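Since the structure comes first, as C-alpha coordinates, the remarks are kept for the end.
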Amino acid sequence: MDRRSEISEHVSNARAEVKVEEAAEAASIGSQSQWPAADLPNLRQQIGAKFSLPEILIDRLAGSTAEEITADAQKVAEHFRPGLRTKPMALVKGAGAAEHDPGTDIDPVRLAAAILKRRTMR
(Lines of atoms letter the chains of each structure in order from A and count residues from 1; the text may use other names and numbers.)
(Lines give C-alpha, C1' and ligand atoms only; values in the text may rest on other atoms or scores of the structure.)
Protein backbone atom coordinates (compact mmCIF):
# COMPACT_ATOMS: atom_id res chain seq x y z
CA MET A 1 0.00 0.00 0.00
CA ASP A 2 1.48 3.33 -1.04
CA ARG A 3 1.35 6.58 0.89
CA ARG A 4 -1.51 8.17 -1.11
CA SER A 5 -3.89 5.28 -0.67
CA GLU A 6 -3.07 5.14 3.03
CA ILE A 7 -3.85 8.87 3.41
CA SER A 8 -7.10 8.60 1.43
CA GLU A 9 -8.15 5.65 3.61
CA HIS A 10 -7.51 7.70 6.77
CA VAL A 11 -9.45 10.64 5.31
CA SER A 12 -12.44 8.45 4.42
CA ASN A 13 -12.39 6.88 7.90
CA ALA A 14 -12.29 10.34 9.50
CA ARG A 15 -15.21 11.51 7.35
CA ALA A 16 -17.22 8.46 8.36
CA GLU A 17 -16.50 9.14 12.04
CA VAL A 18 -17.59 12.76 11.63
CA LYS A 19 -20.87 11.68 10.00
CA VAL A 20 -21.55 9.24 12.85
CA GLU A 21 -20.82 11.93 15.45
CA GLU A 22 -23.07 14.45 13.64
CA ALA A 23 -25.89 11.92 13.49
CA ALA A 24 -25.52 11.16 17.21
CA GLU A 25 -25.48 14.88 18.03
CA ALA A 26 -28.57 15.51 15.91
CA ALA A 27 -30.36 12.67 17.67
CA SER A 28 -29.46 14.06 21.10
CA ILE A 29 -30.59 17.58 20.11
CA GLY A 30 -33.83 16.16 18.77
CA SER A 31 -34.52 14.42 22.06
CA GLN A 32 -33.73 17.61 24.03
CA SER A 33 -35.61 19.98 21.74
CA GLN A 34 -38.57 20.16 24.14
CA TRP A 35 -37.63 22.53 26.93
CA PRO A 36 -39.15 22.16 30.38
CA ALA A 37 -41.96 24.64 30.99
CA ALA A 38 -39.99 26.29 33.80
CA ASP A 39 -37.09 27.11 31.46
CA LEU A 40 -39.19 28.57 28.63
CA PRO A 41 -39.38 32.13 30.05
CA ASN A 42 -35.59 32.19 30.46
CA LEU A 43 -35.14 30.86 26.94
CA ARG A 44 -37.53 33.50 25.58
CA GLN A 45 -35.61 36.22 27.44
CA GLN A 46 -32.27 35.05 26.00
CA ILE A 47 -33.56 34.77 22.44
CA GLY A 48 -35.50 38.05 22.66
CA ALA A 49 -32.41 39.86 23.94
CA LYS A 50 -30.39 38.37 21.09
CA PHE A 51 -32.81 39.98 18.61
CA SER A 52 -33.09 43.25 20.66
CA LEU A 53 -36.83 42.89 21.17
CA PRO A 54 -38.72 45.00 23.75
CA GLU A 55 -39.74 43.26 27.00
CA ILE A 56 -43.44 43.33 26.12
CA LEU A 57 -42.80 41.41 22.92
CA ILE A 58 -40.39 38.92 24.47
CA ASP A 59 -43.22 37.59 26.65
CA ARG A 60 -45.34 37.05 23.54
CA LEU A 61 -42.84 34.88 21.66
CA ALA A 62 -44.48 31.58 20.73
CA GLY A 63 -43.00 28.11 20.63
CA SER A 64 -41.98 25.25 22.86
CA THR A 65 -38.53 24.65 21.37
CA ALA A 66 -35.54 26.91 20.91
CA GLU A 67 -35.89 26.69 17.12
CA GLU A 68 -39.57 27.70 17.19
CA ILE A 69 -38.93 30.63 19.53
CA THR A 70 -35.96 31.77 17.42
CA ALA A 71 -38.05 31.63 14.24
CA ASP A 72 -40.81 33.66 15.92
CA ALA A 73 -38.31 36.20 17.23
CA GLN A 74 -36.87 36.60 13.72
CA LYS A 75 -40.34 37.25 12.29
CA VAL A 76 -41.08 39.85 14.96
CA ALA A 77 -37.66 41.51 14.61
CA GLU A 78 -38.07 41.84 10.83
CA HIS A 79 -41.01 44.19 11.39
CA PHE A 80 -38.88 46.49 13.53
CA ARG A 81 -35.71 46.54 11.43
CA PRO A 82 -36.74 49.07 8.73
CA GLY A 83 -37.80 51.71 11.26
CA LEU A 84 -34.69 51.55 13.41
CA ARG A 85 -32.44 54.60 13.47
CA THR A 86 -28.87 54.39 14.61
CA LYS A 87 -28.43 58.14 15.11
CA PRO A 88 -30.86 59.87 17.47
CA MET A 89 -32.63 62.86 16.02
CA ALA A 90 -33.11 66.09 17.98
CA LEU A 91 -36.74 66.79 18.76
CA VAL A 92 -36.10 70.51 19.21
CA LYS A 93 -33.91 72.50 16.85
CA GLY A 94 -30.88 73.83 18.68
CA ALA A 95 -31.26 71.51 21.67
CA GLY A 96 -27.80 70.06 21.18
CA ALA A 97 -24.78 71.07 23.26
CA ALA A 98 -22.94 72.32 20.21
CA GLU A 99 -24.42 73.36 16.92
CA HIS A 100 -21.55 72.82 14.55
CA ASP A 101 -22.13 73.40 10.89
CA PRO A 102 -20.32 70.51 9.12
CA GLY A 103 -19.74 72.73 6.08
CA THR A 104 -17.38 75.13 7.88
CA ASP A 105 -13.68 74.54 8.31
CA ILE A 106 -12.19 74.43 11.78
CA ASP A 107 -9.30 76.82 12.33
CA PRO A 108 -6.89 75.03 14.70
CA VAL A 109 -5.31 78.30 15.89
CA ARG A 110 -8.68 79.80 16.87
CA LEU A 111 -9.69 76.51 18.48
CA ALA A 112 -6.51 76.41 20.59
CA ALA A 113 -7.01 80.06 21.59
CA ALA A 114 -10.60 79.39 22.65
CA ILE A 115 -9.55 76.39 24.75
CA LEU A 116 -6.75 78.36 26.39
CA LYS A 117 -9.12 81.24 27.09
CA ARG A 118 -11.63 78.89 28.77
CA ARG A 119 -8.93 77.31 30.92
CA THR A 120 -7.53 80.60 32.13
CA MET A 121 -10.97 82.02 33.02
CA ARG A 122 -11.29 79.64 35.98
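Take any residue in the sequence shown, count from 1 to its spot, add 973: that is its number in the numbering used here. A virtual CB, placed ideally from N, CA and C, is assigned to each residue, including glycine. Just so we're clear, the structure is a prediction, and the values are computed from it rather than from any experiment.
At what residues does the alpha helix (DSSP H) containing residue i begin and finish?
{"i": "Asp1045", "result": "1039-1053"}
{"i": "Gly1021", "result": "1013-1023"}
{"i": "Leu1026", "result": "Counting along the chain, Leu1026 falls outside any alpha helix (DSSP H), and DSSP gives it neither H nor E."}
Just verifying my parser: in three-state terms, what is the DSSP assignment at residue i?
{"i": "Ala1086", "result": "helix"}
{"i": "Ile1079", "result": "coil"}
{"i": "Arg1033", "result": "coil"}
Can you tell me whether residue i is buried or exposed, with buried defined as 16 or more other CB within 10 angstroms of its CB?
{"i": "Phe1053", "result": "exposed"}
{"i": "Leu1089", "result": "exposed"}
{"i": "Ser1017", "result": "One detail in the question is off: residue 1017 reads as Arg in this sequence, not Ser. Per the 10 Å Cβ criterion, buried."}
{"i": "Ala997", "result": "exposed"}
{"i": "Ala1039", "result": "buried"}
{"i": "Leu1084", "result": "exposed"}
{"i": "Ile980", "result": "exposed"}
{"i": "Ile1042", "result": "buried"}
Output needed for residue i: all residues of its chain with C-beta closer than 7 Å, excluding positions within five of it in sequence on either side, in chain order.
{"i": "Arg1033", "result": "none"}
Who are the Cβ neighbours of residue i in its own chain at under 8 Å, not counting the five residues just before and after it?
{"i": "Leu1030", "result": "Gly1021, Val1049"}
Skipping 5 residues on each side, what residues in its chain have a beta carbon closer than 6 Å to that of residue i?
{"i": "Ala1035", "result": "Asp1045"}
Quiz item: Taking contact to mean at least 3 C-beta pairs separated by less than 8 Å, is the region 1014-1026 in contact with the region 1034-1050?
Solution: Flag = yes, the region 1014-1026 and the region 1034-1050 touch.
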